[in-house]
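In order, the protein sequence lines correspond to chains A and B.
Start counting the first sequence at 1; every next residue gets the next number (my numbering).
Start counting the second sequence at 248; every next residue gets the next number (my numbering).
There are 2 protein chains.
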Amino acid sequence: MEEKNIITGENINSHLKDIEEHSKIAVSVDCVIFGYDMEELKVLTISCNMDPYKGLPSLIGDLVNEYEDLDQAAKRILKERTGIDNLYLEQIKSFGKVDRHPLGRVITVTYFALVKKEDYTSNGTRPAVNSKWIALSQINEMAFDHLNITNVALDTLRKKLLECPIWMKLLPVDFSLPELQHLFETIIGIPLDKRNFRKKILSLDIIQESGKKQKDVPHRPANLYRVNQKKLKKEYSFLLKNPFHHG
Amino acid sequence: MEEKNIITGENINSHLKDIEEHSKIAVSVDCVIFGYDMEELKVLTISCNMDPYKGLPSLIGDLVNEYEDLDQAAKRILKERTGIDNLYLEQIKSFGKVDRHPLGRVITVTYFALVKKEDYTSNGTRPAVNSKWIALSQINEMAFDHLNITNVALDTLRKKLLECPIWMKLLPVDFSLPELQHLFETIIGIPLDKRNFRKKILSLDIIQESGKKQKDVPHRPANLYRVNQKKLKKEYSFLLKNPFHHG
DNA sequence: TCAAAAGTGTTCCAGTTACACCCATGA
DNA sequence: TCATGGGTGTAACTGGAACACTTTTGA
């Protein structure tokens, strides 16, 4: 068949009808759902019930239905498992090693998602029973190739964090600058200078003082800020739409 | 099935065996193959032979076989169609709109590839008969969603060009700095200052004078440079391996 | 009044930008 | 000798990095 196509130059895809009937490849979506609790960066996982990975944490995913787009599938899965449909979602890449799934050939399209913990916990009835937030620092083994996928997602998150203010998708509406700095330090993994950090963030001109202050802390309370939706520049406008962005 | 899984919390993937038998989703790989002829940035296309896109340029792609990894599939397709297996190849993202292919549900994993024109043309017998290099500036319509895919690939190329010296994968072994600058200007789309550009490139310390000069030009001949393989820093080492990189 | 973390400005350095003239070759 | 693009250096600017003390609260 390959030769035939090379010779005629026709679209190989035109043989699709023959092939789709007996396709042995399944397509799934797996989501790396990140959450931040002001302490650590965590990933939402469920316990794998399949040998040889039984008991290991696995990402949340499902097969793609015939009649849904990839993005729709990711959105559906997130809605089913977290109860939230207002979150940041972005495709990372696809993984397709022949032997990555013990039951057969499954190519998985992966997404990373950012969830405000406050949104998640307010939907306590919806999440999968076995789902569990695990701190990234505590993860050293996962089912399938999910550890690899998680690491790729983490790289993507680190990179995007420096490119655009997606951190707002991990924080509550009101947050302090020290909290934001801690988020950066946790995710990027290096300590930052307080004064330089504040200067930089404030110069972006996308957050404003909420007027509120921290309560019940045994030290000087921090000012609380919130995102100024109107000032989010054109280049960041995708952060206002939900749940998909482009670029 | 969804409800069942939410309640039990088991891996949805465990139902895979039931589903794979009658999967209606096919998976393809499409490659955006870029080439540069010292004038323009071009994409290798073939003419689509399928309604309603008959006659439009389409990307080079094929269905993924059951027993090959995604990267292998991309490599195989490139080898079949260009005769080259020594090129830069990187996955971009996957496209899966339900109606993106007229013959059925096809999810495509896309790659972008960089080819030295000198390598390509030295393998004249291998390429698909109808394959054709088209300048990006001349493309305003493509088959399927391939124009969209091409634009995403171009964005990726622009971004990577500023991050690491992948330009070396588009240029001949010996090249001049004005040629390199023209490549940048063509791809990024904005004119660059000659002195600053040269300073910047030379400061990377990864190219060296070859000792040769341009021939048969009606003006002062430019010095020719080549990549100093030994000095490619550790961070760029993936450019030395072929054809895949990581990061 | 003490402990703990919040908040605040200035100096220095490096990397980027802006900019104009002489040089080597073929015709 | 002319036309054409190749090749070169310096000064100004900008953004990032380094750095120490005062303030506000609860205990």
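A virtual CB, placed ideally from N, CA and C, is assigned to each residue, including glycine.
Using a Cβ-Cβ distance under 9 Å, would Gly282 (chain B) count as near chain A?
Locating residue 282 (chain B) in the second sequence gives position 35, counting from the first residue. With 9 Å as the cut-off, Gly282 (chain B) does not count as an interface residue toward chain A.
Taking only beta-carbon atoms, is Lys93 (chain A) less than 9 Å away from chain B?
The sequence position of residue 93 (chain A) within the first sequence is 93, counting from 1. Judged by the 9 Å Cβ criterion, Lys93 (chain A) is in contact with chain B.
Ala113 (chain A) beta carbon less than 9 Å from that of Ser58 (chain A):
Translated into positions along the first sequence, residue 58 (chain A) becomes position 58. Translated into positions along the first sequence, residue 113 (chain A) becomes position 113. No, they are not a contact pair.
Under 9 Å between C-beta atoms, does Glu426 (chain B) make it to chain A?
Locating residue 426 (chain B) in the second sequence gives position 179, counting from the first residue. Not an interface residue.
Could you name the residues of chain A that Lys344 (chain B) contacts, counting a contact when the two beta carbons are closer than 7 Å?
Looking up residue 344 (chain B) in the second sequence gives position 97. Result: Asp69.
Would you list, in chain order, the members of the region 101–114 of chain A that have their beta-carbon closer than 8 Å to a beta-carbon of chain B?
His101, Leu103, Gly104, Arg105, Val106, Ile107, Val109
Of all the options B:Gln319, B:Met415, B:Val279, B:Ile272, which has the alpha carbon lying nearest to the alpha carbon of Leu350 (chain B)?
Mapped onto the second sequence, residue 350 (chain B) falls at position 103. With distances taken between Cα atoms, Leu350 (chain B) lies closest to B:Ile272.
In chain order, what residues of the same chain have a beta carbon less than 8 Å from the beta carbon of His22 (chain A), not counting five sequence neighbours either side?
The residue labelled residue 22 (chain A) in the question sits at position 22 within the first sequence. Residue confidence for His22 (chain A) is low, a pLDDT of 48 falling below 50, so the modelled location carries little weight; the figure read from the coordinates is stated next. No residues qualify anywhere along the chain.
Please work out which residues of its chain come closer than 6 Å, Cβ to Cβ, to Arg76 (chain A), disregarding the five sequence neighbours upstream and downstream, and give them in chain order.
If you number the first sequence from 1, residue 76 (chain A) lands on position 76. Closer than 6 Å at Cβ, skipping near neighbours: no residue.
Out of curiosity, what's the CA-to-CA distance linking Phe485 (chain B) and Asn475 (chain B)?
By one-based count along the second sequence, residue 485 (chain B) stands at place 238. By one-based count along the second sequence, residue 475 (chain B) stands at place 228. Spanning the two alpha carbons is a distance of roughly 14 Å.
Is DSSP giving Arg347 (chain B) helix, strand or coil here?
Counted from its first residue, the second sequence places residue 347 (chain B) at position 100. In the structure shown, Arg347 (chain B) sits in coil (DSSP, three-state: anything other than H, G, I, E or B).
Pair within 9 Å by beta-carbon distance, Ser523 (chain B) and Leu471 (chain B)
Residue 523 (chain B) lies beyond the range of chain B shown here (248 to 494); nothing can be said about it.
Cα separation between Val356 (chain B) and Thr329 (chain B)?
Position 109 of the second sequence, counted from the start, is the residue given in the question as residue 356 (chain B). Position 82 of the second sequence, counted from the start, is the residue given in the question as residue 329 (chain B). Approximately 19 Å, taken between the alpha carbons.
Ser58 (chain A), DSSP secondary structure in three states
The residue you call residue 58 (chain A) lines up with position 58 of the first sequence. Of the three classes helix, strand and coil, the one that applies to Ser58 (chain A) here is strand, per DSSP.
So, for Val106 (chain A): in the same chain, excluding its five sequence neighbours on each side, which residues have a beta-carbon less than 6 Å away from its beta-carbon?
Position 106 of the first sequence holds residue 106 (chain A). The residues are Ala26, Ser28.
Okay, do the region 194–212 of chain A and the region 135–149 of chain A touch, 3+ Cβ pairs below 8 Å being the bar?
no
Is it right to say Gly436 (chain B) is buried, meaning 16 or more other beta carbons lie within 10 angstroms of its own, or is it exposed?
Counting from one through the second sequence, the residue named residue 436 (chain B) turns up at place 189. It counts as exposed.
Phe281 (chain B) beta carbon less than 9 Å from that of Leu404 (chain B)
Translated into the one-based positions of the second sequence, residue 404 (chain B) becomes position 157. Translated into the one-based positions of the second sequence, residue 281 (chain B) becomes position 34. Yes, Cβ-Cβ distance for Leu404 (chain B) and Phe281 (chain B) is below 9 Å.
Identify each residue in the region 272–301 of chain B for which the Cβ-Cβ distance to at least one residue of chain A is less than 8 Å, and report them in chain order.
Ile272, Ala273, Val274, Ser275, Ile293, Ser294, Cys295, Asn296, Met297
Below 7 Å CB to CB, which residues in the same chain sit around Tyr367 (chain B) once its five sequence neighbours on both sides are set aside?
Numbered from 1 along the second sequence, position 120 holds the residue referred to as residue 367 (chain B). Gly282, Thr329, Ile331.
Please compile the residues from chain B whose C-beta is within a distance smaller than 8 Å of the C-beta of Val173 (chain A).
Residue mapping note: residue 173 (chain A) aligns to position 173 of the first sequence, counting from 1. Under the 8 Å cutoff, chain B gives no residues; its nearest Cβ is about 28 Å from Val173 (chain A).
Taking only beta-carbon atoms, is Glu456 (chain B) less than 9 Å away from chain A?
As a first step, residue 456 (chain B) must be located in the second sequence, where it is residue number 209. No - not a single Cβ of chain A is within 9 Å of the one on Glu456 (chain B).
Spell out the partners DSSP gives Cys278 (chain B) in its beta bridges.
To locate residue 278 (chain B), count along the second sequence from 1; it is residue 31. Looking at the DSSP assignment, Cys278 (chain B) forms a beta bridge with B:Ile307, B:Tyr358.
With DSSP collapsed to three states, give me the class of Lys93 (chain A).
As a working note, residue 93 (chain A) is residue 93 in the first sequence. In this structure, Lys93 (chain A) counts as strand in the three-state DSSP scheme.
Relative to the alpha-carbon of Glu235 (chain A), which residue among A:Ser176, A:Ile187, A:Ile166 has its alpha-carbon at the smallest distance?
Reading the first sequence from its first residue, position 235 is the one you call residue 235 (chain A). Residue A:Ile166 is the option with its Cα nearest to Glu235 (chain A).
Starting from Leu409 (chain B) and walking both ways along the alpha helix (DSSP H), at which residues does that stretch end?
Position 162 of the second sequence, counted from the first residue, corresponds to residue 409 (chain B). Its alpha helix (DSSP H) spans residues 393–410.
Interface flag, Glu141 (chain A) vs chain B, CB-CB below 9 Å:
To locate residue 141 (chain A), count along the first sequence from 1; it is residue 141. No, Glu141 (chain A) does not count as interfacial toward chain B.
Opening and closing residue of the alpha helix (DSSP H) in which Ala320 (chain B) lies
As a first step, residue 320 (chain B) must be located in the second sequence, where it is residue number 73. Start and end: 317–329.
Does the CB of Ala320 (chain B) have a neighbour CB from chain A at under 9 Å?
Start at 1 with the first residue of the second sequence, and residue 320 (chain B) comes out as number 73. Yes, Ala320 (chain B) lies at the interface with chain A (some Cβ there is under 9 Å from its Cβ).
Which listed residue (B:Leu401, B:Phe422, B:Arg442) has its alpha carbon closest to that of Ala469 (chain B)
Within the second sequence, the letter at position 222 stands for residue 469 (chain B). For Ala469 (chain B), the nearest C-alpha among the options comes from B:Phe422.
Starting from Asn381 (chain B), trace the beta strand (DSSP E) both ways and give me its first and last residue.
Taking the first residue of the second sequence as position 1, residue 381 (chain B) is located at position 134. Note that residue 381 (chain B) is Ile in the sequence shown, not Asn. Counting along the chain, the beta strand (DSSP E) containing Ile381 (chain B) begins and ends at 379–382.
Can you tell me whether Leu310 (chain B) is buried or exposed? The criterion is at least 16 other CB atoms within 10 Å of its CB, across all chains shown.
One-based indexing of the second sequence puts residue 310 (chain B) at position 63. Counting Cβ neighbours within 10 Å, Leu310 (chain B) comes out buried, since at least 16 surround it.
Cross-chain neighbours of Glu66 (chain A) in chain B, by beta carbon under 7 Å:
In the first sequence, the residue the question calls residue 66 (chain A) occupies position 66. Chain B residues near Glu66 (chain A): Lys271, Ile272, Arg352.
Assign His466 (chain B) to one of two classes, buried (16 or more other C-beta atoms within 10 Å of its C-beta) or exposed (fewer than that).
Translated into positions along the second sequence, residue 466 (chain B) becomes position 219. His466 (chain B) is exposed by the Cβ-count criterion.
Continuous beta strand (DSSP E) stretch holding Ser203 (chain A): start and end
Mapped onto the first sequence, residue 203 (chain A) falls at position 203. From DSSP, Ser203 (chain A) is part of no beta strand (DSSP E) but of the alpha helix (DSSP H) over 194–203.
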